[in-house]
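First the structure, in the form of structure tokens, and then the observations on it.
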Amino acid sequence: MDSPHDDGFASEMAELPLETRYPPFALRQYAGFWLPERTLARGLPAARDRFAPRPDDVLLASFPKSGTTWLKALAFATARRAAHPPSAHDHPLRQRNPHDCVPFLGIGFALDKDVELEALPSPRVLATHLPFSLLPTGRSRVVYVCRDPKDVLVSCWLFTRKVSESVGVDAESFSLREAMELFCAGRCMYGPQWLHVAEYWEASRRAAGEVLFLRYEEMLRDPVGSLRTMAEFMGCAFSPEEEERGVARAIVELCSLDKLKKVEANRKGRTAAGIKADAYFRKGVAGDWSSHMTPEMGKMVDEAVEDGLQGSGFSFTDSTPANPEFCPDA
Ligand code: A3P
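In this text, residue positions in the sequence shown follow UniProt numbering: the first is 1, and each later residue adds one.
Here it is in structure tokens:
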């Protein structure tokens, strides 16, 4: 443990409900969410007690496997475009995995060090999987991305089987049905997924200028439009001159799945956190769940999610614009 405070939390943690069936990490139920023990013991104390927010920080938030890597690449390329034009041959995203360009806050990776976050130039782009209700106070703008839970579930199951070895856990025998049952019970990393989404949705309705709520499927449909909205929200809108030069399009192109997949650092080796870099890039489409789950399994997930969302005002099938009050031109 890093500090006496962390030690204190670790002993408290032993009293919390435990879930060990979803590899690779033991999960504890805290404040309504199932969090990895190391998030509770290290990440959360670091984020809440020692993180010094800056007014121009941008925090990218997501439930795992909802498009975090893509969001990191897009936000990083947008925020740093003056120093690193998207066309530059030595652009950081052509040399490094997006997870090594945008650090996580609050998940307890080795990288999650206060000193490294402190050293980042402003405006900082950081990311988190923490639920909205557990975010550090005093943070600045938050960009959240959500995704169809069935695709999240399948993407997460495949990722888990691929990367669990990096922490010494064999997840080969972990079946999709087991993953689905745990997902539907909310007993997966940072779950319940619908509660994670609903909290950010609610926050985006309450304070549109503070939380931008995006949908992965909408980003796939209109990546340039989504990027413009995001840049505006981040306080670095594309100027008419940049639009003329096609900068937004160039960033979308740089961050496309096909382009990122070809980067050597994303094909071979591992991220600084020790995870196989290629595991973050798979199909990147909407609806791939149906290649792995039966319609009956899909229905079970939909029903569990709809049930969990009752009364929240949010629906995954609702097509109303995500942030009706956020108006970039205002
Ligand atoms: P699939 O497993 O469905 O293909 P996260 O980044 O939150 O871990 O989510 C991973 C999912 O995002 C994976 O989905 C992955 O393929 C997809 N993804 C990664 N990079 C992407 C990109 N540049 N564009 C679109 N999707 C991307």
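Don't be surprised by glycine CBs; every beta carbon is placed ideally from N, CA and C.
Please say whether residue j and residue i have beta carbons closer to each other than 8 Å?
i: residue 335; j: Val224; result: Outside the modelled stretch of the chain, which goes from 1 to 330, sits residue 335, for which no answer is possible.
i: Pro149; j: Glu199; result: no
i: Arg54; j: Arg124; result: yes
i: Asp100; j: Gly235; result: no
i: Arg94; j: Phe233; result: no
i: Ala277; j: Pro86; result: no
i: Ser155; j: Arg282; result: yes
i: Val167; j: Pro24; result: yes
i: Thr69; j: Tyr280; result: yes
i: Thr128; j: Ala61; result: yes
i: Pro98; j: Ala73; result: yes
i: Arg187; j: Leu27; result: yes
i: Leu134; j: Ala31; result: yes
From the DSSP output, in three-state form, read off residue i for me.
i: Tyr216; result: helix
i: Tyr190; result: coil
i: Thr20; result: coil
i: Pro86; result: coil
i: Lys276; result: strand
i: Leu27; result: strand
i: Phe183; result: helix
i: Arg270; result: strand
i: Phe51; result: coil
i: Phe104; result: strand
i: Pro36; result: strand
i: Val211; result: strand
i: Val263; result: coil
i: Gly298; result: helix
i: Asp112; result: Note that Asp112 scores a pLDDT of 49, beneath 50, so its modelled location is shaky and nothing firm can be said.
i: Arg282; result: coil
i: Asp170; result: coil
i: Phe314; result: coil
i: Pro98; result: helix
i: Leu120; result: coil
i: Ala41; result: helix
i: Ile251; result: helix
i: Ser256; result: coil
Over the uninterrupted alpha helix (DSSP H) stretch that includes residue i, give me the two end residues.
i: Pro240; result: 240-245
i: Pro149; result: 149-163
i: Phe76; result: 68-79
i: Leu227; result: 223-234
i: Pro92; result: 92-95
Assuming residue i is part of the beta strand (DSSP E), what are its boundary residues?
i: Trp289; result: Careful: Trp289 lies outside any beta strand (DSSP E) and carries neither H nor E.
i: Cys146; result: 141-146
i: Leu126; result: 125-128
i: Ser62; result: 58-62
For a cutoff of 8 Å on Cβ pairs, would you count residue i as touching chain D?
i: Ser62; result: Going by chain labels, chain D is absent from the structure shown, which holds only one protein chain.
Beta-carbon distances below 7 Å to any heavy atom of ligand 1 define the shell here; list its residues in chain order, please. Counting only beta-carbon distances shorter than 7 Å to the non-hydrogen atoms of ligand 1, the qualifying residues in chain order are Ser62, Pro64, Lys65, Ser66, Gly67, Thr68, Thr69, Trp70, Ala73, Asp151, Val154, Ser155, Leu158, Phe159, Leu220, Cys255, Ser256, Leu257, Leu260, Tyr280, Phe281, Arg282, Lys283, Gly284, Val285, Asp288.
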